[in-house]
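**Student:**
2 protein chains.
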Amino acid sequence: MRLAELSERSGVSAATIKYYLREGLLPPGRRITATQAEYDEEHLRRLRLVRALIQVGRVPVSSAKEVLTALRDEELGWSERLGTAVWSLPHGPAPDDADPVTASARRTADELLEHLGWSHRGGDGVAPVAPPYEMLVTAITTLARLGYPCSAADLEPYARGMERLAVDDLDLVERYAPEEQVEAAVALTVLYEPVLLGLRRLAQGEEARRRFAGQ
Amino acid sequence: MRLAELSERSGVSAATIKYYLREGLLPPGRRITATQAEYDEEHLRRLRLVRALIQVGRVPVSSAKEVLTALRDEELGWSERLGTAVWSLPHGPAPDDADPVTASARRTADELLEHLGWSHRGGDGVAPVAPPYEMLVTAITTLARLGYPCSAADLEPYARGMERLAVDDLDLVERYAPEEQVEAAVALTVLYEPVLLGLRRLAQGEEARRRFAGQ
């Protein structure tokens, strides 16, 4: 397909596609004349992943390039490639280990993960410490600093809830063809976040009405 | 207590407290000399709510003022006050009803909510349409536009998961004294979001390792 069709089918403007080509985020098309190139389904899939990372996941262009390099690394197994892509997403501010509240938050997070039998380490070729573990530590620190300390026991129902939903998350990913699954995992991880948060606020409203009707 | 102690106990700088006082987000202290005022526990609680709204929830100062006014409205019941506060939080971009994909997303959201028996309406004194319902419609629209359409049946496990967690959310809120519950509801709604999203990404990693070990 030509650039115009790639743009049409991906929903990404021609100018943005040209920018991605210049930055090396997309491999060049097969040149057919001095001014025209031909693109294929692989370009379309790659473009969808780039867009999922940059436009939806707000990953900086430089990080997106690193992710795409890792995804081409044949030495990595499938689950490491998936982890590399999802963990490259921004995870918010890193924990401030100069703050004693952070040390206490790490103990809470470690106690929770040990109890659940979850790992907080990345795999080979991925970050040595899982970025979502750092995200969790920062969140627990903020709660404590604002006067809402939480224990591993307080967090357990949330972890169990997410454990159940991870089965649905991966089922959704597995609906896609193997070569589309990494991009689907990144896109669905990010795109389901507002779905979850919106549903949570609606569910809280229902539960509040149920508990406090007439108060 | 003096301003310095209010700052110390709330973790909010004296300059920021003075700004909140000037903007009317905090009621003035009891004046004891020409230059000094005395603040009480009610100021501390109000300050924590203002900070939860503005610093954590990223609510604009003008909206925070509206929320605080609604919270003082004695005509509203407790659950409406809670709803007003939580629903004043930013819910992301509004659905674009000029787009036909949005109409389809509304049908999906309506089908889901009808099936669950949830309301998408606000109560009296609150928004006529629940802001998290609009947030959900926008998220479903984005999924469809990026090539990941979802049905009400796809969303149901997520809604059921959030329904279960709303019980834990409200249990946490009810640990606080009645006069602290609205601020706790706002703070915990916002502060548990990164907890949930971090736990979800960790749980996905666990589930991916379980499913695709060695691949």
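In order, the protein sequence lines correspond to chains A and B. Just so we're aligned: the first sequence equals residues 1 to 215 in UniProt numbering. Just so we're aligned: the second sequence equals residues 1 to 215 in UniProt numbering. Even for Gly, the Cβ is constructed at its ideal location relative to N, Cα and C. Computed from a predicted model, the values in this text were never measured in an experiment.
Using a Cβ cut-off of 8 Å, which residues of the segment 198–215 of chain B contact any Cβ in chain A, in chain order?
**Tutor:** Correct list: 198, 199, 200, 201, 202, 203, 204, 205, 206, 207, 208, 209, 211, 212, 213, 214 and 215.
**Student:** I'd like the list of long-range same chain contacts for residue 172 (chain A), defined as Cβ closer than 7 Å, with 5 residues on each side in sequence excluded.
**Tutor:** Residue numbering aside, residue 172 (chain A) sits at position 172 when the first sequence is read from its first letter. Only 188 meet the Cβ criterion.
**Student:** Are any of the Cβ atoms in chain A nearer than 8 Å to that of residue 135 (chain B)?
**Tutor:** On the second sequence, residue 135 (chain B) is found 135 positions in, with the first residue counted as 1. For residue 135 (chain B), the answer is yes, since a Cβ of chain A falls inside 8 Å of its Cβ.
**Student:** When the Cα atoms are used, what is the spatial distance from residue 126 (chain A) to residue 138 (chain A)?
**Tutor:** Taking the first sequence and counting its residues from 1, the one referred to as residue 126 (chain A) is at position 126. Taking the first sequence and counting its residues from 1, the one referred to as residue 138 (chain A) is at position 138. Confidence is the limiting factor: at residue 126 (chain A) the pLDDT is only 49, short of 50, which leaves the residue's position unreliable and the question unanswerable from this model.
**Student:** Residue 165 (chain B) CB to nearest chain A CB: under 8 Å?
**Tutor:** Position 165 of the second sequence, counting from 1, holds the residue named residue 165 (chain B). So yes, residue 165 (chain B) belongs to the interface.
**Student:** Suppose you measure from the CA of residue 205 (chain A) to the CA of residue 198 (chain B); what does that come to, to the nearest Å?
**Tutor:** Working through the first sequence from its first residue, we reach residue 205 (chain A) at position 205. Working through the second sequence from its first residue, we reach residue 198 (chain B) at position 198. C-alpha separation (whole angstroms): 23 Å.
**Student:** Pull up the DSSP beta-bridge partners for residue 37 (chain A), would you.
**Tutor:** Indexing the first sequence from 1 puts residue 37 (chain A) at position 37. DSSP lists A:31 as partners of residue 37 (chain A).
**Student:** Less than 8 Å between the beta carbons of residue 101 (chain A) and residue 144 (chain A), yes or no?
**Tutor:** Within the first sequence, numbered from 1, the residue matching residue 101 (chain A) stands at position 101. Within the first sequence, numbered from 1, the residue matching residue 144 (chain A) stands at position 144. Against a cut-off of 8 Å, the Cβ pair of residue 144 (chain A) and residue 101 (chain A) comes out as a contact.
**Student:** Using Cβ-Cβ distances below 9 Å, what residues of the segment 136–150 of chain A are close to chain B?
**Tutor:** Listed by position, the residues of the segment 136–150 of chain A near chain B (Cβ gap below 9 Å) are 136, 137, 138, 139, 140, 142, 143, 145, 146, 147, 148 and 150.
**Student:** Check whether the Cβ of residue 161 (chain A) lies closer than 8 Å to any Cβ atom in chain B.
**Tutor:** Taking the first sequence and counting its residues from 1, the one referred to as residue 161 (chain A) is at position 161. So yes, residue 161 (chain A) belongs to the interface.
**Student:** Compare the C-beta of residue 179 (chain A) with all C-beta atoms of chain B and state if any pair is closer than 8 Å.
**Tutor:** Stepping through the first sequence from its first residue, residue 179 (chain A) is reached at position 179. With 8 Å as the cut-off, residue 179 (chain A) does not count as an interface residue toward chain B.
**Student:** In terms of residues, what are the limits of the alpha helix (DSSP H) holding residue 218 (chain A)?
**Tutor:** An answer regarding residue 218 (chain A) cannot be provided, because it is not within the stretch 1 to 215 covered by chain A.
**Student:** Taking DSSP as the reference, what is the three-state secondary structure of residue 182 (chain A)?
**Tutor:** Position 182 of the first sequence, counted from the first residue, corresponds to residue 182 (chain A). If DSSP states are grouped into helix, strand and coil, residue 182 (chain A) belongs with the helices.
**Student:** The alpha helix (DSSP H) that contains residue 115 (chain A), what's its start and end?
**Tutor:** Residue mapping note: residue 115 (chain A) aligns to position 115 of the first sequence, counting from 1. Here the alpha helix (DSSP H) through residue 115 (chain A) covers 100–116.
**Student:** Should residue 35 (chain B) be labelled buried (16 or more other beta-carbon atoms within 10 Å of its own) or exposed?
**Tutor:** Taking the first residue of the second sequence as 1, we reach residue 35 (chain B) at position 35. Exposed, because fewer than 16 other Cβ atoms sit within 10 Å of the Cβ of residue 35 (chain B).
**Student:** Between the segment 111–120 of chain A and the segment 66–77 of chain A, are three or more C-beta pairs nearer than 8 Å?
**Tutor:** Too few Cβ pairs lie closer than 8 Å, so no.
**Student:** Taking only beta-carbon atoms, is residue 111 (chain A) less than 8 Å away from chain B?
**Tutor:** Working through the first sequence from its first residue, we reach residue 111 (chain A) at position 111. No - not a single Cβ of chain B is within 8 Å of the one on residue 111 (chain A).
**Student:** Rounded to the nearest angstrom, how far is the Cβ of residue 108 (chain B) from that of residue 63 (chain B), given a contact under 8 Å?
**Tutor:** By one-based count along the second sequence, residue 108 (chain B) stands at place 108. By one-based count along the second sequence, residue 63 (chain B) stands at place 63. Contact flag wrong, Cβ pair sits at about 29 Å.
**Student:** Spatial neighbours of residue 45 (chain A) within its chain, please: C-beta separation below 8 Å, excluding the five flanking residues on both sides.
**Tutor:** To locate residue 45 (chain A), count along the first sequence from 1; it is residue 45. Contacts found: 179, 180 and 183.
**Student:** Quick one: list the residues of chain B neighbouring residue 50 (chain A), beta-carbon separation under 9 Å, in chain order.
**Tutor:** For the purposes of this step, residue 50 (chain A) is taken as residue 50 along the first sequence, with counting starting at 1. Per Cβ cutoff of 9 Å: no residues; residue 50 (chain A) is ~12 Å from chain B at best.
**Student:** Just curious, the alpha helix (DSSP H) that residue 137 (chain A) is in, first and last residue?
**Tutor:** Position 137 of the first sequence, counted from the start, is the residue given in the question as residue 137 (chain A). Start and end: 131–145.
**Student:** Distance check for residue 131 (chain B) and residue 23 (chain B), CA to CA, integer angstroms please.
**Tutor:** Translated into positions along the second sequence, residue 23 (chain B) becomes position 23. Translated into positions along the second sequence, residue 131 (chain B) becomes position 131. Near 26 Å, if we compare the C-alpha coordinates of residue 131 (chain B) and residue 23 (chain B).
**Student:** I'd like to check one pair, residue 190 (chain A) with residue 61 (chain A): are the Cβ atoms closer than 8 Å?
**Tutor:** One-based indexing of the first sequence puts residue 61 (chain A) at position 61. One-based indexing of the first sequence puts residue 190 (chain A) at position 190. Contact flag unset, no.
**Student:** Using DSSP with H/G/I as helix, E/B as strand and the rest coil, what is residue 23 (chain B)?
**Tutor:** Within the second sequence, the letter at position 23 stands for residue 23 (chain B). Of the three classes helix, strand and coil, the one that applies to residue 23 (chain B) here is coil, per DSSP.
**Student:** Considering only the alpha carbon of each residue, which of B:176, B:157, B:174 and B:11 lies closest to residue 192 (chain A)?
**Tutor:** Taking the first residue of the first sequence as position 1, residue 192 (chain A) is located at position 192. When only C-alpha atoms are compared, the closest one is B:157.
**Student:** Using 8 Å as the threshold, is the C-beta distance between residue 52 (chain B) and residue 146 (chain A) below it?
**Tutor:** Residue 52 (chain B) sits at position 52 when you count from the first residue of the second sequence. Residue 146 (chain A) sits at position 146 when you count from the first residue of the first sequence. Result yes, Cβ atoms of residue 52 (chain B) and residue 146 (chain A) sit closer than 8 Å.
**Student:** Rounded to whole angstroms, what's the CA-CA distance from residue 25 (chain B) to residue 10 (chain B)? Just pull it up for me.
**Tutor:** Within the second sequence, the letter at position 25 stands for residue 25 (chain B). Within the second sequence, the letter at position 10 stands for residue 10 (chain B). When rounded, the distance between both Cα atoms is 15 Å.
**Student:** Name, going along the chain, the residues of the segment 179–193 of chain A whose beta-carbon falls closer than 9 Å to a beta-carbon of chain B.
**Tutor:** For the segment 179–193 of chain A, which is checked against every Cβ of chain B, the residues closer than 9 Å are 184, 185, 187, 188, 189, 191, 192 and 193.
**Student:** In whole angstroms, what is the alpha-carbon distance linking residue 7 (chain A) and residue 162 (chain A)?
**Tutor:** Counted from its first residue, the first sequence places residue 7 (chain A) at position 7. Counted from its first residue, the first sequence places residue 162 (chain A) at position 162. Cα to Cα, the separation comes out at about 36 Å.
**Student:** For residue 84 (chain B) versus residue 98 (chain B), is the C-beta spacing smaller than 8 Å?
**Tutor:** In the second sequence, counting from the first residue as 1, residue 84 (chain B) sits at position 84. In the second sequence, counting from the first residue as 1, residue 98 (chain B) sits at position 98. Contact flag unset, no.
**Student:** Under 7 Å Cβ-Cβ, which residues of chain B neighbour residue 130 (chain A)?
**Tutor:** Start at 1 with the first residue of the first sequence, and residue 130 (chain A) comes out as number 130. Residues of chain B passing the Cβ test: 202 and 205.
**Student:** Using a Cβ-Cβ cutoff of less than 6 Å, which residues in the same chain neighbour residue 111 (chain B) once the five nearest sequence positions on both sides are dropped?
**Tutor:** Within the second sequence, the letter at position 111 stands for residue 111 (chain B). So the list reads 152, once near-sequence residues are dropped.
**Student:** Find the residues of chain A that neighbour residue 290 (chain B), judging by a C-beta separation of less than 7 Å, and give them in chain order.
**Tutor:** It is not possible to answer for residue 290 (chain B), since the shown part of chain B is limited to 1 through 215.
**Student:** Please classify residue 33 (chain A) as buried or exposed, where buried requires at least 16 neighbouring CB atoms within 10 angstroms.
**Tutor:** Walking along the first sequence from the start, residue 33 (chain A) turns up at place 33. Residue 33 (chain A) comes out exposed.
**Student:** Could you tell me the alpha carbon to alpha carbon distance between residue 87 (chain A) and residue 141 (chain B), rounded to whole angstroms?
**Tutor:** Your numbering for residue 87 (chain A) matches position 87 in the first sequence. Your numbering for residue 141 (chain B) matches position 141 in the second sequence. In a straight line, the C-alpha of residue 87 (chain A) is about 25 Å away from that of residue 141 (chain B).
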